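First the structure, in the form of structure tokens, and then the observations on it.
Numbering (the working numbering), first residue to last: -2 to 206.
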């Protein structure tokens, strides 16, 4: 239902209604306040019933969770994002980003964009692709890097313009060797430290092989 006489409407996503300012090469994103009281999307993680993996349930985010996500992605090195503020009726959170262009090769561009924010692929058992990054002294799990969220910036470099992002619960990290190692690697990348050298079967008993 949103319209503008000066901005060009772009494809609406699950979280926001974007509009392009072609003169200034900017995109304004309006995150609507849902009837439920949520604003934006996030997810919760819990072990699966069989104990072999994890379940991720997408749900409405709070205003603070969405603002935190935007700040973490910005600070980690994704597409620069400025939080403009709330509209005067408090119905929308408004942010702006530089106008981006389409990816060239999706898989290659996604890999480059993920490397730019120093995230590591998560090999723990999720039903969707996930990555882990370290930012603001916290481990974050990231997902939803679909075709619409990978683009190229003004310098023609692949970048992430949006993603689903949530803090990785410490109890899940402690309970999983893989998650622990991923968090260690993501933290090392962020701090410019050498990655830990690991041998694949060091922690296993010979009888289990």
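All C-beta atoms, glycine included, are put in the ideal place defined by N, C-alpha and C. All of these numbers come straight from a predicted model, not from anything done at the bench.
| query | With 16 other CB atoms within 10 Å as the buried threshold, where does residue 25 fall? | reply | buried
| request: List the endpoints of the continuous alpha helix (DSSP H) containing residue 122. | output: Run containing residue 122: none; DSSP gives neither H nor E here.
| message | In this structure, how does DSSP classify residue 32 when only helix, strand and coil are distinguished? | response | coil
| Integer-rounded CB distance, given that residue 193 should sit under 8 Å from residue 181 | 6 Å
| query | Which residues mark the beginning and the end of the beta strand (DSSP E) in which residue 109 is found? | reply | Element bounds for residue 109: not the beta strand (DSSP E) but the alpha helix (DSSP H), 103 to 113.
| task | Find the nearest neighbour of residue 158 within the set 1, 68, 191 and 169, judged by alpha-carbon distance. | result | 68
| query | Counting along the chain, where does the beta strand (DSSP E) carrying residue 80 start and finish? | reply | 79 to 83
| query | DSSP on residue 9, reduced to helix/strand/coil? | reply | coil
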